[in-house]
Amino acid sequence: MEPFNKPPQPLHPSQGAIDPTFQVMPQLQKKVEPAGVKMSVPPPPSPQSSKRMVYIIAAVVVVVVVAGLAYFLLGKSNEPAQQEQVVSKLPKVWLNQYFQQEICEDQSKCGDAANPDSDGLNNYDEFKAGTVPNDPDSDKDGLADGDEVNIYKTEPTLKYTDRREIVSQNDWTDGFQIKNGYDPLTPGLPFTESRNQQIATDTAALGLHEPTITTLSQ
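Take our numbering: the final residue in the sequence shown is number 226, and no numbers are missing along the way.
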């Protein structure tokens with residue numbers, strides 16, 4: 009009879025015993041290493057591509073600059089004509105009478121400083137003197153309007169500045185009297201030395217105009 013407290017004997021594997029190592033910790037599967045992932049890096053841009061991009065950017069900048077300048081210049085050229093209109097001192101009635109327009113469209117002809125009849129008076133001076141701007145001899149006395157106003161000081165709207173009856177009866181015009189040495193400002197008297205000096209000085213500064221030149225040379 010065996011003792012009651014005898015320790016149990018381990019079973020042999022052949023007797024159907026379970027491997028204690030497997031029972032305590034199960035075997036792990038074999039570690040699988042992940043396959044490496046290959047990253048594709050784009051190749052650096054070629055020098056030709058870089059130059060092409062620079063040319064494109066430069067062309068775009070040039071186009072933008074040119075377009076901006078064109079817009080600025082065209083915008084200024086298309087400003088309303090009223091902003092460029094010259095302010096005239098000449099009345100519209102006067103302009104319409106002599107140039108058939110109330111607003112001067114050609115400053116070289118009907119502008120204040122224009123002298124379309126080349127008589128020594130510009131249009132504004134003709135207006136002040138009461139003479140005709142497109143007739144060099146408004147009173148038909150043989151002297152240019154400008155020469156009468158600026159040199160001889162005679163009346164450019166009167167054929168006879170010397171208003172004596174004998175003068176008009178004999179048609180002694182201002183041009184006729186001056187040619188013969190008489191001063192229309194002093195009826196019946198020749199030019200004084202001072203008047204001759206004044207006329208010579210003004211003639212040298214301003215010159216004579218037609219028909220004065222022709223009248224005095226006849």
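Heads up, the beta-carbon is just placed ideally off N, CA and C, and yes, glycines get one too. If you're wondering where the values come from, they're calculated on a predicted model, not measured in any experiment.
Report, in whole angstroms, the separation of the C-beta atoms of residue i and residue j, which I expect to be a contact under 8 Å.
i, j, result
"W102", "F135", "6 Å"
"D125", "P144", "4 Å"
"T223", "K187", "6 Å"
"T162", "D182", "5 Å"
If I measure Cβ to Cβ from residue i and keep anything under 7 Å in the same chain, skipping five residues before and after, which residues do I get?
i, result
"T139", "L129, S146, D153, P164, T165"
"Q108", "none"
"F199", "G189, D191"
"I207", "I159, Y160"
"D149", "K167, T181, D182, G183"
"E218", "P144, A152"
When DSSP builds the beta bridges, which residues end up paired with residue i?
i, result
"P198", "Y190"
Could you pull out every residue in the same chain whose Cβ sits closer than 6 Å to the Cβ of residue i, ignoring the five residues on either side in sequence?
i, result
"K97", "D120, Y132"
"K100", "E110"
"F30", "Low confidence applies to F30: its pLDDT is 48, below 50, so where it sits in the model is not reliable, and the reading given next is rough at best. Counting only Cβ-Cβ distances below 6 Å, and skipping sequence neighbours, we find nothing."
"N123", "N130"
Between which residues of its own chain and residue i is the CB-CB distance below 8 Å, once the five residues before and five after are set aside?
i, result
"R60", "none"
Give a yes or no on whether the minimum CB-CB distance between residue i and chain C is below 8 Å.
i, result
"D114", "Of the protein chains in the structure, only one exists, and it is not chain C."
Can you list the beta strand (DSSP E) stretches of 3 or more residues lying completely in the stretch 76-163, in chain order? none
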